[in-house]
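Right, one structure below, let's go through it.
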Amino acid sequence: MENLFDVDKILVVDDDRDITEAICTFISSEFSHITTIKAYDGNEAIDEFEKHFPAIIILDIMLPKRSGFLVMEKIFRITGKGANKTAPPIIIVITGNPGLRHKVYGESLGAWQYIFKPFRMEKLCNYVREALTIIKQTESKR
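Counting in the working numbering, the sequence shown runs from 1 upward without gaps.
The structure is reproduced here in C-alpha cells:
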C-alpha cells in the first residue's frame, strides 16, 4: 500500500476555513513542490484521502460529520497501516482541545505528532519537513 501514497501531496483538514487556508498558504510558501488538498469535515477528509492518497495528513480532531479520531480509524482501515506512526500516511494532529486523554487516544490510533492550537506555523512546517525526511528514508530502504 505504501507505493500508492503521493509524497508531493498533503491533506489539510480543519473546519475553520481561515486556519485551513493559512496552513495551505504557509506550506506552499515553504515547500514549492507540495500540493495541498483541503477538507473541511470528516467525510470530505475521507473522500479526498481516497482520491489523492497523500503521504501526510494535517488533521483537526473536532470536525463536523466525522471526528478526526474516526477519520484516522477509517484511513488506517483503508490502508491497513495500524498504529505504525512513521509509515505513510503520517498524521499530524492539530487541536484546540488540550486534554491529555484525547492526545493519548490519538497517539494510540497512530497520530505521529500532536500540536495544540494556537501554534506557530514554523513548528508545523518543521514537523512536515521531518515527516518528508522519514518518508524518503523509508522509500530508500525498499
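Cβ atoms here follow ideal geometry from the backbone N, Cα and C, with glycine treated the same way. For clarity, every value in this text was computed on a predicted model and none was experimentally measured.
_Residues that Gln113 bridges to, as DSSP identifies them_ = Ile92, per the DSSP bridge assignment.
*Quick one: is Phe119 buried, meaning 16 or more other Cβ sit within 10 Å of its Cβ, or exposed?*
With fewer than 16 Cβ atoms within 10 Å of its Cβ, Phe119 is classed as exposed.
*Which of helix, strand or coil does DSSP assign to Ile61?*
For Ile61, the three-state secondary structure derived from DSSP is coil.
*Do Val13 and Ala39 have their C-beta atoms within less than 9 angstroms of each other?*
Cβ distance < 9 angstroms, so Val13 and Ala39 count as in contact.
*Whole-angstrom Cβ separation of Val104 and Gly68, contact assumed at under 8 angstroms?*
Wrong, their Cβ atoms sit about 14 angstroms apart, outside the cutoff.
_Counting C-beta neighbours from all protein chains within 10 Å, is the total for Pro98 16 or more, i.e. buried, or is it exposed?_
Exposed: under 16 other Cβ atoms inside 10 Å.
_Cβ-based burial, Thr133 [other Cβ within 10 Å; buried from 16]_ = Exposed: under 16 other Cβ atoms inside 10 Å.
_Residues bridged to Leu11 (per DSSP)_ = Within the DSSP bridge table, the entry for Leu11 names Ile37 and Ile57 as partners.
*How long is the line joining the alpha carbons of Ala131 and Thr95, rounded to whole angstroms?*
Between Ala131 and Thr95, the alpha-carbon positions lie close to 19 angstroms from each other.
*Relative to the alpha-carbon of Leu4, which residue among Cys125, Ala55, Gly110 and Thr36 has its alpha-carbon at the smallest distance?*
That would be Ala55, whose Cα lies nearest to the Cα of Leu4.
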